[in-house]
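One structure below.
Residue numbers (the UniProt record's numbering): 1 to 127.
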């Protein structure tokens with residue numbers, strides 16, 4: 001899936017804009033009526049997490065923490081894709097086999113740029 005390729009600068013810019021819009025919506029919600037919000041996204045890089053943390057703490061004045069979920073079980077990943085991802089609008093009118101294959105390729109793209117949360121030094125205040 002070329003849209004999730006970290007080397008596709010145009011797609012990266014679009015994804016970053018979408019993430020920024022979602023952050024602004026989340027902060028607006030919290031400033032007006034909300035008490036808790038979850039920014040559910042693939043925040044695989046330290047740069048992305050730093051951007052989220054800084055925006056939420058400095059601009060919106062909210063406390064932030066990150067939850068890192070790591071799964072290396074092919075069976076669990078397959079089950080998750082089939083039970084959750086196939087219901088996504090991304091895969092409307094796409095065969096199950098094609099959708100699973102596409103999402104597995106997307107995961108490979110995420111893995112290429114993945115940086116684990118450093119809970120010992122640089123990102124210890126994130127969790």
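Glycine included, each C-beta is placed from N, C-alpha and C at the ideal position.
Exercise for review: May I have the straight-line CA-CA distance separating residue 78 from residue 72, to the nearest angstrom?
Suggested key: Using only the alpha carbons, I get a separation of about 11 Å.
Review point. So residue 99 packs on residue 109, CB below 8 Å; how close in whole Å?
Key: About 16 Å separates the CB atoms of residue 99 and residue 109; that is not less than 8 Å, and the two are not in contact.
Check your understanding: Should the segment 44-52 be called in touch with the segment 105-124, which here means at least 3 C-beta pairs below 8 Å?
Key -> They touch, by the three-pair rule.
Check your understanding: Would you call the CB atoms of residue 1 and residue 82 closer than 8 Å?
Key -> Result no, Cβ atoms of residue 1 and residue 82 do not sit closer than 8 Å.
Check your understanding: Near residue 112, what residues of its chain come up, given a Cβ to Cβ distance below 8 Å and the 5 sequence neighbours on each side ignored?
Key -> Leaving aside the five residues that flank residue 112 on each side, the residues in its chain whose CB is nearer than 8 Å to its CB run, in chain order, 6.
Practice item. Leaving out five residues on either side along the sequence, give the residues of the same chain with a beta carbon under 8 Å from the beta carbon of residue 35. Key: Apart from the 5 residues on each side of it in sequence, residue 35 has no Cβ closer than 8 Å to any other Cβ in its chain.
Review point. So, is residue 103 buried or exposed, given that buried needs 16 or more other C-beta atoms within 10 angstroms?
Key: Residue 103 is buried by the Cβ-count criterion.
Practice item. Using alpha carbons as the reference points, say which of 124, 125, 74 lies closest to residue 101. Key: Cα-wise, what sits closest to residue 101 is 74.
Review point. From residue 126 to residue 53, what does the alpha carbon distance come to, in whole angstroms?
Key: Answer to the nearest angstrom: the Cα atoms are 8 Å apart.
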